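Comments concern the structure below.
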Amino acid sequence: MIQRVQTVYLLIVAGLFITLMFLPMAILQSGGQFYSFDVSGLNTATKPPELLYPTWSLMAIAAIIVLLSFVIIFLYKKRILQMRMCVFNALLMIGFYLLAGFYVWQFSQSPELPGMKLNIRFWAAFPIIGFILNYLAIRNIGADEALVRSLERLR
Numbered sequence: 014m015i016q017r018v019q020t021v022y023l024l025i026v027a028g029l030f031i032t033l034m035f036l037p038m039a040i041l042q043s044g045g046q047f048y049s050f051d052v053s054g055l056n057t058a059t060k061p062p063e064l065l066y067p068t069w070s071l072m073a074i075a076a077i078i079v080l081l082s083f084v085i086i087f088l089y090k091k092r093i094l095q096m097r098m099c100v101f102n103a104l105l106m107i108g109f110y111l112l113a114g115f116y117v118w119q120f121s122q123s124p125e126l127p128g129m130k131l132n133i134r135f136w137a138a139f140p141i142i143g144f145i146l147n148y149l150a151i152r153n154i155g156a157d158e159a160l161v162r163s164l165e166r167l168r
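Adding 13 to a residue's 1-based position in the sequence shown gives its number in my numbering.
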């Protein structure tokens, strides 16, 4: 299980999304106020931070991606199911980005945040990196399945 390269890819995907849960994806500035946008919502940048607009759906999708990555790792004996779940995980990652983009657009249209400026952080690219690693895991699982089928044919 651990010796397979797709396991490492899926562990990195889970690690990226766990990290993303604790880091802000963007910093928004409206006038002199700064706001932090992470998977839990839009927070003020003051101490202590105050949650202004919750985005629990992003948190739920990120948690599902992490859990699904771990479940996929332990399905190593069922490679076809593993590939299908990886595809579903990739669709969740695309949905995560679309939903995050929708929330940023919604914040920009908000009358409470006039003249909003967006400063995207580096770790906002973690879902893209995770998507690429998930794709590589799908390819490696498919290669394993092809190898097993070819060995069964030789018997």
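Heads up, the beta-carbon is just placed ideally off N, CA and C, and yes, glycines get one too. Nothing here was measured: the structure is a model prediction, and the numbers come from that model.
Here's the rule: buried if 16 or more other CB atoms are within 10 angstroms of the residue's CB, otherwise exposed. What is residue i?
i	result
Q16	exposed
G128	exposed
F83	exposed
T20	buried
I107	exposed
L81	buried
A156	exposed
A103	buried
A159	exposed
Alpha carbons only, please: which of the options is nearest the one belonging to residue i?
i	options	result
F35	E158, L160, S49 and L112	S49
E125	T57, T68 and A27	T57
L41	R162, L23 and W118	W118
I151	F47, V100, A76 and F30	V100
R134	L33, L23 and F87	L33
G45	L64, T59 and V161	T59
K90	V161, F47 and E165	V161
Pop quiz: residue i and residue j are said to be a contact at Cβ under 8 Å. What is the actual Cβ separation, rounded to whole angstroms?
i	j	result
M38	A137	4 Å
L105	I74	6 Å
M98	L88	7 Å
Can you list, in chain order, the residues of its chain whose CB lies under 8 Å from that of residue i, leaving out five sequence neighbours each side?
i	result
K130	L41, Q42 and S43
F109	L71, I74, A75, I78 and P140
Residues in its own chain within less than 6 Å of residue i by CB, not counting five upstream and five downstream?
i	result
Y66	G54 and L55
I154	Q19, R92, Q95 and M96
Y116	T68
L149	Y22
V26	S82, G143, L146 and N147
For residue i, which residues of its own chain have a beta-carbon under 7 Å away from its beta-carbon, when the five flanking residues on both sides are left out?
i	result
L29	F139, I142 and G143
D51	L36, P37 and M38
field: Uninterrupted alpha helix (DSSP H) stretches inside the stretch 51–128 (no shorter than 4 residues)
entry: 69–86 and 92–122
task: Just list the beta strand (DSSP E) runs in the stretch 128–155, keeping only unbroken ones of 3 residues or longer that don't cross its boundaries, in chain order.
output: 130–133
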